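Engineer: Right, I'll just put the structure down here and ask away after.
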């Protein structure tokens, strides 16, 4: 029974990894490719580790596998955020059909500050700030 | 029932190996081709994730659970590599935006 569940989780995880790989090829710009690699890729590797945790059936194996899954889930958003920010500031082009770029004109020449102060960002509605 | 379960697990392992291998090929293609540096860093991040998944499948197939430590270390190294690479992309972009003739003032934040 455990083998059945582990096998199904393995298949789902491998499918997500495959989908992430296909997305990495097919999607049109860096940010969309990151969407595929970060989310589908993390879920794929995480599900394989969960299958391993079920299959191991020893405390130390399960504990290590669950630790690995938690570590992946904690670090993936941080890495994706840093990478997306660096990509945007380095001027990686957006897809030609992108309709909104909320970060446009929000960084100065040094790429450090946002356009408005934090107080403005909290009090003014976004429509006023976009000017 | 137990026989069917282990047969199904064996079948899943084969399918999963195949899927990971195809995904690895596609990722390497993106790593080599990627028009921007950020694309290549995304592909490197994905390579680390695929390595973790591969080690997981291998551990299930051979019941050799010592490789799980390798997977955890790979996750750690992959995360740190992605952070360092994105820092590198960011610094390179900043230096390009400033006046190229002006030397770097060495301010770090």
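Chains as they are written, first to last, in this note's numbering: chain A, 462 to 592; chain B, 289 to 397. Even glycine gets a Cβ: it sits at the ideal position worked out from N, Cα and C. Note that this is a predicted model, so its numbers are computed, not measured.
Which term fits residue 368 of chain B, buried or exposed, when burial requires 16 or more other beta carbons within 10 angstroms of its beta carbon?
Structural biologist: Taking the first residue of the second chain as position 1, residue 368 of chain B is located at position 80. By the neighbour-count rule (16 or more Cβ atoms within 10 Å), residue 368 of chain B is not buried but exposed.
Engineer: Given that residue 565 of chain A touches chain B, what residues does it touch there, using C-beta distances under 8 Å?
Structural biologist: Here residue 565 of chain A refers to the residue found at position 104 of the first chain. Per Cβ cutoff of 8 Å: no residues; residue 565 of chain A is ~16 Å from chain B at best.
Engineer: Measure from the C-beta of residue 551 of chain A to each C-beta in chain B and report whether the shortest distance is under 8 Å.
Structural biologist: Translated into positions along the first chain, residue 551 of chain A becomes position 90. It does; some Cβ of chain B falls within 8 Å.
Engineer: Please confirm if residue 393 of chain B has its CB atom under 8 Å from at least one CB of chain A.
Structural biologist: Residue mapping note: residue 393 of chain B aligns to position 105 of the second chain, counting from 1. Unreliable placement is indicated for residue 393 of chain B, whose pLDDT of 48 sits below 50; no coordinate value is reported for it.
Engineer: Suppose the cutoff is 7 Å on Cβ atoms and the five residues either side in sequence are ignored; what does the same chain contact list for residue 327 of chain B look like?
Structural biologist: For the purposes of this step, residue 327 of chain B is taken as the residue at position 39 of the second chain. Only 318 meet the Cβ criterion.
Engineer: Could you give the residue range of the alpha helix (DSSP H) that holds residue 494 of chain A?
Structural biologist: Within the first chain, residue 494 of chain A is the residue found at index 33, counting from 1. From DSSP, the alpha helix (DSSP H) with residue 494 of chain A extends over 491-496.
Engineer: Would residue 315 of chain B and residue 341 of chain B be called neighbours here (beta carbons separated by less than 8 Å)?
Structural biologist: On the second chain, residue 315 of chain B is found 27 positions in, with the first residue counted as 1. On the second chain, residue 341 of chain B is found 53 positions in, with the first residue counted as 1. No, Cβ-Cβ distance for residue 315 of chain B and residue 341 of chain B is not below 8 Å.
Engineer: What would DSSP say about residue 353 of chain B, mapped onto helix, strand or coil?
Structural biologist: Indexing the second chain from 1 puts residue 353 of chain B at position 65. Residue 353 of chain B: coil per DSSP, three-state reduction.
Engineer: Alpha carbon to alpha carbon, how far is residue 355 of chain B from residue 481 of chain A?
Structural biologist: Position 67 of the second chain, counting from 1, holds the residue named residue 355 of chain B. Position 20 of the first chain, counting from 1, holds the residue named residue 481 of chain A. Straight-line Cα distance between these residues: approximately 24 Å.
Engineer: How about residue 471 of chain A and residue 300 of chain B: do their beta carbons lie closer than 8 Å?
Structural biologist: Within the first chain, numbered from 1, the residue matching residue 471 of chain A stands at position 10. Within the second chain, numbered from 1, the residue matching residue 300 of chain B stands at position 12. Yes; because the gap between Cβ atoms is below 8 Å, this pair is in contact.
Engineer: If you follow the alpha helix (DSSP H) that residue 476 of chain A is part of, which residue opens it and which one closes it?
Structural biologist: Position 15 of the first chain, counted from the start, is the residue given in the question as residue 476 of chain A. Judged by DSSP secondary structure, residue 476 of chain A falls within the alpha helix (DSSP H) whose first and last residues are 463-487.
Engineer: Report yes if the C-beta distance between residue 551 of chain A and residue 320 of chain B is below 8 Å; otherwise report no.
Structural biologist: Working through the first chain from its first residue, we reach residue 551 of chain A at position 90. Working through the second chain from its first residue, we reach residue 320 of chain B at position 32. Result no, Cβ atoms of residue 551 of chain A and residue 320 of chain B do not sit closer than 8 Å.
Engineer: For the alpha helix (DSSP H) containing residue 537 of chain A, list its first residue and its last residue.
Structural biologist: Position 76 of the first chain, counting from 1, holds the residue named residue 537 of chain A. Start and end: 520-550.
Engineer: With a cut-off of 8 Å, does the C-beta of residue 559 of chain A fall near any C-beta of chain B?
Structural biologist: Your numbering for residue 559 of chain A matches position 98 in the first chain. So no, residue 559 of chain A is outside the interface.
Engineer: On a CA-only basis, which of B:295, B:364, B:311 and B:292 is nearest residue 474 of chain A? Give me that one, please.
Structural biologist: Position 13 of the first chain holds residue 474 of chain A. Selection B:295, B:364, B:311 and B:292 evaluated against residue 474 of chain A yields B:311 as nearest (Cα-Cα).
Engineer: How is residue 558 of chain A classed by DSSP in three states: helix, strand or coil?
Structural biologist: For the purposes of this step, residue 558 of chain A is taken as the residue at position 97 of the first chain. In the structure shown, the three-state DSSP call for residue 558 of chain A is coil.
Engineer: How should residue 553 of chain A be labelled, buried or exposed, when 16 other C-beta atoms within 10 angstroms of its C-beta is the threshold for buried?
Structural biologist: Stepping through the first chain from its first residue, residue 553 of chain A is reached at position 92. Buried, because 16 or more other Cβ atoms sit within 10 Å of the Cβ of residue 553 of chain A.
Engineer: What would DSSP say about residue 565 of chain A, mapped onto helix, strand or coil?
Structural biologist: Translated into the one-based positions of the first chain, residue 565 of chain A becomes position 104. Here residue 565 of chain A sits in coil by DSSP.
Engineer: Counting along the chain, where does the alpha helix (DSSP H) carrying residue 503 of chain A start and finish?
Structural biologist: Here residue 503 of chain A is taken as the residue at index 42 of the first chain, counted from 1. It spans 502-517 - the alpha helix (DSSP H) in which residue 503 of chain A sits, taken as one unbroken run.
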